[in-house]
Ligand SMILES: [Zn+2]
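Numbering (the working numbering), first residue to last: 36 to 466.
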């Protein structure tokens, strides 16, 4: 069950409560709705209260990021809130491309001379491409948002996909890595990523792959990852104790020596996020992707972003979820464009935008509820609003578009650059 976030009358975070309790408080008039997404109530009289430690856990991904709030109760750890944040990397790329093209065409026009401006800028230290930067900013926004309404005591982040040091350097391995299953997980994940999840010899996909020694163990090959690849059962059997060259694949030896390329870009963002989260000043736990997968599979949870977030790090070992746990699906939408003049399909200006964005206290993109007492569109409508200066608004509801006067309309959630939807729950194995 998604718990309701609670703040006291001084806007200090209190322990999140059960939705039934929140309903009771709201009905009795002891609390008021403070925010719709994430659902937060403010208590009118209460000041301070007991809290248990809550961890904010994140699994950053390229397309979507899993978020979970896990409370450490006396009876054990439990998910009290979960969300999945979808990023808008591609959208930003497209927007920048269109801006570049517009500027180019402007420069090429026969107007006064415009100096070319492309090689007079330097990128600052720690620069990230805008599409990647937005991912960091999205997660940062949500970390701060939740931190304001919930007594977060620590943050856990999946920092790297594989722990290279733990795999390569035998001396620093802990007991778990030497004897436990965790070592195998870390290595397997790395190999799957490196060899593209297919057999290195016959390119077979979607079948169980075995970890295979490039230079066979019998002939002095080591267990280091640079000597390992993935092969299907058949290829592995056929190769037996031959080296890759003897087996007819000399190029595999070279490929194995090359380190993983993609990991660098992913890691750059993850480190940027790490340094950003550090500034919140809470203890920051980090984990690897191998560890997350190990925790998730030993608990038998499905592969979803929010469950991955729950299983991040050492603290992700025994976390209880219930069948009614559903994530809030959050999608980054941005704040619209700055284009002032829109064109028809031939490129001629046809519509213009007002300088003013707010009308009668509303802004396009706000979530609203309209109760219309009479007329053609009588009834209750809720959805996103598109404003006009005349005060006649369009509301996009689940069933279609309605045009309603601003007089019947009330804001339920101000446009904040995100779209919200209720997600599907994951059925836990022990339910
Ligand atoms: Zn094969």
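Cβ atoms here follow ideal geometry from the backbone N, Cα and C, with glycine treated the same way.
In this text the structure is predicted, and so the values were computed from the model without any measurement.
Test item: CB-CB of residue 127 and residue 165 under 9 Å: Yes, these two residues count as a Cβ contact at 9 Å.
Simplified DSSP state of residue 397, which is helix, strand or coil: In the three-state reduction of the DSSP assignment, residue 397 falls in the strand class, which pools E and B.
Any non-hydrogen atom of ligand 1 closer than 8 Å to residue 346 Cβ: No, ligand 1 has no heavy atom inside 8 Å of this Cβ.
Unbroken alpha helix (DSSP H) run spanning residue 243, endpoints: For residue 243, no alpha helix (DSSP H) encloses it, and the DSSP letter there is neither H nor E.
Strand pairing of residue 427, partner residues [DSSP]: In DSSP, residue 427 forms a bridge with 440.
Nearest-angstrom Cα separation, counted from residue 228 out to residue 206: With a pLDDT of 38 at residue 206, under the threshold of 50, the modelled position of this residue cannot be trusted; read the value that follows with caution. Looking at the two C-alpha atoms, the distance is approximately 25 Å.
Straight-line gap, residue 417 to residue 437 (C-alpha atoms, nearest Å): Near 10 Å, if we compare the C-alpha coordinates of residue 437 and residue 417.
Environment of residue 376 [buried if 16+ CB atoms lie within 10 Å]: Residue 376 should be labelled exposed.
Where residue 177 sits in the DSSP three-state scheme: Secondary structure at residue 177: helix, using DSSP grouped into helix, strand and coil.
Contact check, residue 54 vs residue 41, beta carbons under 9 Å: In terms of Cβ geometry, residue 54 and residue 41 do not form a close pair [threshold 9 Å].
For residue 388 and residue 374, the rounded distance between their alpha carbons: Taking the straight line from one Cα to the other gives about 8 Å.
Beta-carbon proximity check, residue 367 vs residue 168, cutoff 9 Å: A distance of 9 Å or more separates the beta carbons of residue 367 and residue 168.
Neighbouring residues (CB closer than 7 Å to any heavy atom of ligand 1): Listed along the chain, these residues meet the criterion: 234, 236, 237, 239, 266, 267, 269, 270.
Extent of the continuous beta strand (DSSP E) run through residue 315: Premise fails: residue 315 is in no beta strand (DSSP E) and is neither H nor E.
Nonlocal neighbours in the same chain, by C-beta distance under 8 Å from residue 415, ignoring five residues either side: Counting only residues of its own chain and dropping the five nearest sequence neighbours on each side, residue 415 has a CB closer than 8 Å to the CB of 404, 405, 406, 407.
Continuous beta strand (DSSP E) stretch holding residue 101: start and end: Residues 99-108.
For residue 160, three-class secondary structure by DSSP: Correct three-state label for residue 160: coil.
Sheet register partners of residue 120 (DSSP bridge): Beta-bridge partners of residue 120 (DSSP): 100, 365.
Counted within 10 angstroms of its Cβ, other Cβ atoms place residue 49 as buried (16 or more) or exposed: Counting every other CB atom within 10 Å of its CB across the protein chains shown gives residue 49 a total of 16 or more, marking it as buried.
Residue 281: first and last residue of the uninterrupted alpha helix (DSSP H) it sits in: 279-282 is the extent of the alpha helix (DSSP H) around residue 281.
Check whether residue 270 and residue 236 have beta carbons under 9 Å apart: In terms of Cβ geometry, residue 270 and residue 236 form a close pair [threshold 9 Å].
Stretch pair the stretch 330-350 + the stretch 107-117: three plus CB contacts closer than 8 Å: They touch, by the three-pair rule.
Buried/exposed call for residue 352, threshold 16 Cβ in 10 Å: Residue 352 is exposed by the Cβ-count criterion.
Three-state secondary structure assigned by DSSP to residue 94: In this structure, DSSP gives residue 94 an extended state, which the three-state scheme calls strand.
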